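For reference, the structure discussed in these notes is given below.
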Amino acid sequence: MRSAVIVVTVGLAAGVCLILVDRALLWAERRGWIYYRKTKGRTSALVEGFSPAAQAVKRAMEQERFRKNVRVGEGTPLGVDLDKGVVRVRRSEPGRQESANSNEIE
3 MRSAVIVVTV GLAAGVCLIL VDRALLWAER RGWIYYRKTK GRTSALVEGF SPAAQAVKRA
63 MEQERFRKNV RVGEGTPLGV DLDKGVVRVR RSEPGRQESA NSNEIE
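For the sequence shown, our numbering assigns the number 3 to the initial residue and increments by one for each residue that follows.
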């Protein structure tokens, strides 16, 4: 019985110490002294750089962003030639399939 009370007391003391250390580290982070939980520092960037899971997520996000901006087989939606002073904007009509140059405006 006595050993159970000691174990519970030590566990509670350890929990309180962990909470206090966490609060102290968050306070130091708010002051800008360290990177802890809220702000990503250089160490987390290094971990993300070498983590295969983080690389896969980053690659999937880039592919999704690219897919939303440019569809396969369309090319870029805007053509800008700064030397000639020409801008080409492609008009698209739903349900029509045309060649790349047939619906451009100069």
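Note that CB positions come from ideal geometry on N, CA and C, so glycine has one too.
Here the structure is a predicted model, which is why all the values come from computation and not from measurement.
Whether residue i touches residue j by CB criterion (9 Å)
{"i": "leucine 22", "j": "lysine 40", "result": "no"}
{"i": "arginine 69", "j": "glycine 81", "result": "no"}
Under the three-state DSSP convention, the category residue i falls into
{"i": "alanine 61", "result": "Position check: residue 61 holds arginine in this sequence, whereas alanine was assumed. In this structure, arginine 61 counts as helix in the three-state DSSP scheme."}
{"i": "aspartate 24", "result": "helix"}
{"i": "arginine 39", "result": "coil"}
{"i": "glycine 34", "result": "coil"}
{"i": "glycine 81", "result": "strand"}
Any non-hydrogen atom of the ligand HEM closer than 8 Å to residue i Cβ
{"i": "aspartate 24", "result": "With respect to the ligand HEM, the structure offers nothing, as it holds no ligand at all."}
Residues sharing a beta bridge with residue i, DSSP
{"i": "arginine 90", "result": "Gly81"}
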